[in-house]
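Undergrad: Let me give you the structure first, and then I'll get to my questions.
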Amino acid sequence: MTRSSALIDRDSWRPYFSLVLFCGIALVLSVPGARVVRDLGSAPFLLGFPTFFYAQALFMGSLGLGLGAASAERGERGGRMVVALGLRVLIGQLLCLPYLVFARSLLPGRGGTFALIALFTTLVALALAMLGRLLEQPRRLGPSLGFLAKYVLFVAYYAAPLVGFPLFSPLGAVRLLLEGAAPPEALLAFVVPVALLAALSPFAAGARGERRV
Amino acid sequence: MGRRGLSSIAIFLTFTGFVVGSWTVFAASTFDVTVGLAGRVVPGRLAPIRLTFADLPSGATRLCITQHIGNAWRGETTLSYEIPVPDTDCGDVEVAIPIYDAARPLRVLLLSADGRRLAERDVELRSRTVDDAFQVAVGAFSVPLPGQAASVSLADLPKTWSAYAAAESVWIGRVRSGLDAEQWDALARWVLSGGSLVVFAGADLFVLDAPRLRDLLPILNPSLAERGDNAPALTGDLRSGAITLARREGVPWLIQRRYGGGNVLLVTTDALALDAAELSEIRSHTPSSRGLCLVGAASEFLDLQPIDRPSRWVAAVLTSLAAVTLPAVVGRLGGRRWAAPVLCAAFAVLALFSWIYTDSARVGSDLYRTNATVLIEGSLGVSVSSSALCSASRQPVTAGVGVDAVPYEPLPPSFEPGSRDATYRDGAVRITFAPGERRVLVTQSDAPVEFRARLTGDEELRLSNRGSRVIEDALLLVDGEVFPLPPLEPGEGTVYLSDSASDTMGPLGPEGGPLGRLFALVKDSLTLERGTWLVAGEITERMRTDGGTSAHARDVTLYVVEVGRD
């Protein structure tokens, strides 16, 4: 296996590091501050906010963008590129596994919700990896414009739906899943990443990449 | 006749059939409802509801008693209690439910298994309401009882001890027939919990006589004697602790005895042989019933219940390990074929560490509950319990809270509309908790007698623990003197009292702990300074998940057992 086809290398580990670091910090913040029941009455915020899951949704998306850009740099294409990106996203999920296991003690009895959130964030990361791969094609947009477009779309996807249709934002969808969404709503939350993935994958797989040396 | 005419007839016949059918069902399913002790209710206290059935429809499975409480200013809420109907189509059901608000009628619905209404009754409460506890008279008296006494017939005398919550004292005068065993047991349990019973038993003792009455009376071996004025009077051997409050013609006339947390007064002459002055004298000697209130204790204990959660420090260590492992692995192996497997293996180890650390003791709960329970035991047992609950969830949580009996919940002066809705069914109250919300439920129920104790000499205490657990904390009180006891093992046993008696009542369990505080409260309420008592306590923890809602319950249980003396 050549260096360019390795799943993780010295050039592409930074998006993983952001994921690991910020999800870890979010996990620390998710632990309730209350020691005894009396504390809950005096400071409701000590109930503990599930920051970890929102951080995971945010940084898995960011990881996807970074992985897409790295894939474009490597000049990967075709089905092999799709498989490689899928495996890299799964590595990202695996890096969150210690946190996810820890978080089960914060929200007990929600195994199904955790699995759904993991699946959802995987799909989001994969869809954004495809987007990153497309926008970072050297011949499609200039490097600056590609970078800018990538993050404008990222912010738009995460923030804009929160105003009217929170379900279509990964953050809104995670909130909904945590609150125990009804099956139709949960299904609707998956529509956007699945649709994005279905729409972008053929283009991303067919796009020509150029290896930057 | 045209098509329109035929249609009109068909509609008319259908409508008539529906009306007649409905009427038939409603008419067939007759039941009567009587509410209140002697027809009176005191808001904020339990009251008996008796439902008498005749010709129940075959589909009737349960009764739903609904109270609409509050108003637009205070907030409105609905409480409902569902109870199963008897298997036979005739009979009666008695249940004690709390009356909160007399402004609106009580609605009683007869329901089928699928929730269909088969019959309904509205019971007006406003005219039955009194502000405070009242004296209850059973049977006949020579003159009307002093004060605002309410008369209740023998047939209407409740068979559930918590139904006497509105009674200040119960006076049993001349009756044509005796009370049945259930009524005596209910009265005995009520007295055990702090009630006050006055029994008039002169020449007519044979009418009243029952094993439970013998257990209640302050005298042993009762027999009839003639006083100096030729009036018949009941005499016998005074029980240990019984005191004669008044005499007539040299014969004890009014005798008092502690029975659990309450008092029994025996008037040794017939209820029809007394004048108004004598009745007033008896009343002046009759203590008011005192209910044990554990609401404050349960809330206080809940405040101190620890939150189950993992440590932030461990989360920080986990984050640090993960943040160090990633660059370390990639820096050394990055770009090689096995960089990814090694990284995955390293994080799998971290996940395993995380799994081992977050065991059940560190898993958070949606709901925290502290039950403060006092079991008062003599020849019968009663349980008085308060459950304080708090939601630790950020989402509204609906939980089935298991309770021993229909609960009473102290309501705040004002509340959000619908926020206090609750449904009691099959031994559980269904409550929806807002994030961080606290609730308190109070129950009073029968309890099995787990302990029996007898002081056979100055130094020897014979004990019987019918439970299956060892009770670690126990002490014996003899007229206020404290004797520490070893853990109470299941089965029979004899304890020789140590010389380490203390003049002041020491704490039970660790100093400042819930058991000690509960003991201090009960000691004052039940006046344990007098008499001989076995006091034991335990704290147990339970974890339970109900429909996705996890609850951590802590039970602080105090056993107060009346000790017999040879």
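Quick note, the sequences are listed as chains B and E, same order.
Counting from 1, position 90 in the first sequence corresponds to residue 142 in the numbering used here; the numbering is continuous, with no gaps.
Counting from 1, position 248 in the second sequence corresponds to residue 1597 in the numbering used here; the numbering is continuous, with no gaps.
Heads up, the beta-carbon is just placed ideally off N, CA and C, and yes, glycines get one too.
Taking 8 Å as the CB-CB limit, is Arg-132 of chain B close to chain E?
TA: no
Undergrad: Please check if any C-beta of chain B sits within less than 8 Å of the C-beta of Gly-1684 of chain E.
TA: Yes, because at least one Cβ of chain B sits closer than 8 Å to the Cβ of Gly-1684 of chain E.
Undergrad: Measuring CA to CA, which of E:Val-1755, E:Gln-1744 and E:Ala-1710 is closest to Glu-1786 of chain E?
TA: E:Gln-1744
Undergrad: If we require 4 or more residues per run, which alpha helix (DSSP H) segments fall completely within the stretch 1529-1565 of chain E?
TA: 1530-1541, 1554-1557 and 1560-1565
Undergrad: Under 8 Å Cβ to Cβ from Ala-1695 of chain E, same chain only, skipping five residues before and after it: list those, please.
TA: Thr-1674 and Val-1678
Undergrad: Determine whether the Cβ of Leu-240 of chain B lies closer than 8 Å to any Cβ atom of chain E.
TA: no
Undergrad: Can you find a CB in chain B that lies within less than 8 Å of the CB of Thr-1707 of chain E?
TA: So, interface residue.
Undergrad: Given Ala-1376 of chain E, which residues of its chain have a CB within under 7 Å of its CB, disregarding the five upstream and five downstream residues?
TA: Per-residue confidence for Ala-1376 of chain E stands at a pLDDT of 43, beneath the threshold of 50, marking its modelled position as unreliable; the derived number appears in the next sentence. Counting only Cβ-Cβ distances below 7 Å, and skipping sequence neighbours, we find nothing.
Undergrad: Going straight from the alpha carbon of Leu-119 of chain B to that of Pro-245 of chain B, what length do you get?
TA: 16 Å
Undergrad: Hey, is Phe-1782 of chain E's beta-carbon within less than 8 Å of any beta-carbon in chain B?
TA: Residue contact check for Phe-1782 of chain E against chain B: no CB pair falls below 8 Å.
Undergrad: From this set, E:Gly-1393, E:Asp-1657 and E:Leu-1400, which residue's C-alpha is nearest Val-1382 of chain E's C-alpha?
TA: E:Leu-1400
Undergrad: So what does DSSP say about Val-1391 of chain E, is it helix, strand or coil?
TA: coil
Undergrad: Alpha carbons only, please: which of E:Gln-1416, E:Val-1444 and E:Gly-1424 is nearest the one belonging to Pro-1454 of chain E?
TA: E:Gln-1416
Undergrad: With 8 Å set as the bound, which would you pick, yes or no: does the beta-carbon of Pro-1655 of chain E sit closer than that to a beta-carbon of chain B?
TA: yes
Undergrad: For my contact list, Phe-1483 of chain E and Ala-1498 of chain E are in at a C-beta cut-off of 8 Å; report their separation, rounded to the angstrom.
TA: Between Phe-1483 of chain E and Ala-1498 of chain E, the beta carbon gap of about 7 Å places them in contact (Cβ cut-off 8 Å).
Undergrad: Could you spell out the range, first to last residue, of the beta strand (DSSP E) harbouring Val-215 of chain B?
TA: Not the beta strand (DSSP E): Val-215 of chain B falls in the alpha helix (DSSP H), residues 213-216.
Undergrad: From Ile-1398 of chain E to Val-1912 of chain E, what does the alpha carbon distance come to, in whole angstroms?
TA: 35 Å
Undergrad: If you reduce the DSSP assignment to three classes, tell me which class Leu-1760 of chain E lands in.
TA: coil
Undergrad: At which residue ranges does the stretch 1732-1814 of chain E contain complete beta strand (DSSP E) runs of 3 or more residues, listed in the order of the chain?
TA: 1746-1751, 1771-1774, 1777-1782, 1787-1795, 1800-1804 and 1809-1814
Undergrad: Examine the ligand NAP and report whether any of its heavy atoms sits within less than 7 Å of the Cβ of Asp-61 of chain B.
TA: The ligand NAP is not among the ligands present in this structure, which contains no ligands whatsoever.
Undergrad: Please confirm whether Val-72 of chain B has its beta-carbon closer than 8 Å to some beta-carbon of chain E.
TA: With respect to chain E, the C-beta atom of Val-72 of chain B has a partner C-beta closer than 8 Å.
Undergrad: Between which two residues does the beta strand (DSSP E) carrying Thr-1426 of chain E extend?
TA: 1424-1433
Undergrad: Any C-beta of chain E sitting closer than 8 Å to the C-beta of Val-80 of chain B?
TA: yes
Undergrad: Thinking just about the alpha-carbon of each residue, which of B:Ala-86, B:Ala-121, B:Phe-111 and B:Val-83 is nearest to the one in Leu-73 of chain B?
TA: Residue nearest to Leu-73 of chain B within the set B:Ala-86, B:Ala-121, B:Phe-111 and B:Val-83 is B:Phe-111 (criterion: CA-CA distance).
Undergrad: Tell me, please, whether the CB atom of Ala-1376 of chain E is closer than 8 Å to any CB atom in chain B?
TA: Interpretation of Ala-1376 of chain E is limited by its pLDDT of 43, a score under 50 that renders its predicted location unreliable; the figure taken from the coordinates is listed afterwards. Cβ-Cβ to chain B under 8 Å: no for Ala-1376 of chain E.
Undergrad: Drop a sphere of 10 angstroms on the beta-carbon of Val-215 of chain B, count the other beta-carbons inside from all chains shown, and report buried for 16 or more, exposed for fewer.
TA: Label assigned to Val-215 of chain B: exposed.
Undergrad: For chain E, check one thing: does any of its Cβ atoms lie closer than 8 Å to the Cβ of Leu-59 of chain B?
TA: The beta carbon of Leu-59 of chain B sits closer than 8 Å to some beta carbon of chain E.
Undergrad: Does any CB atom of chain D fall closer than 8 Å to the CB of Phe-1764 of chain E?
TA: Included in the structure are the protein chains B and E, with no chain D among them.
Undergrad: Do Ala-1796 of chain E and Leu-1864 of chain E have their C-beta atoms closer together than 8 Å?
TA: no
Undergrad: Could you give the first and the last residue of the continuous beta strand (DSSP E) run that contains Val-1909 of chain E?
TA: 1898-1911
Undergrad: Check Gln-1484 of chain E in the structure and name its three-state DSSP category.
TA: Gln-1484 of chain E: strand per DSSP, three-state reduction.
Undergrad: Secondary structure at Leu-183 of chain B, three-state DSSP: helix, strand or coil?
TA: helix
Undergrad: State buried or exposed for Ala-234 of chain B, treating a residue as buried only when at least 16 other CB atoms are found within 10 Å of its CB.
TA: exposed
Undergrad: If you follow the alpha helix (DSSP H) that Val-72 of chain B is part of, which residue opens it and which one closes it?
TA: DSSP places Val-72 of chain B inside the alpha helix (DSSP H), whose first and last residues are 66-82.
Undergrad: Provide the residue(s) that pair with Met-1892 of chain E in DSSP beta bridges, ordered along the chain.
TA: For Met-1892 of chain E, which the question treats as bridged, DSSP gives the partners E:His-1901.
Undergrad: Compile a chain-ordered list of the residues in the stretch 1737-1748 of chain E whose CB is closer than 9 Å to at least one CB of chain B.
TA: So the close ones are Ala-1737, Cys-1739, Ser-1740, Ala-1741, Ser-1742, Arg-1743 and Gln-1744.
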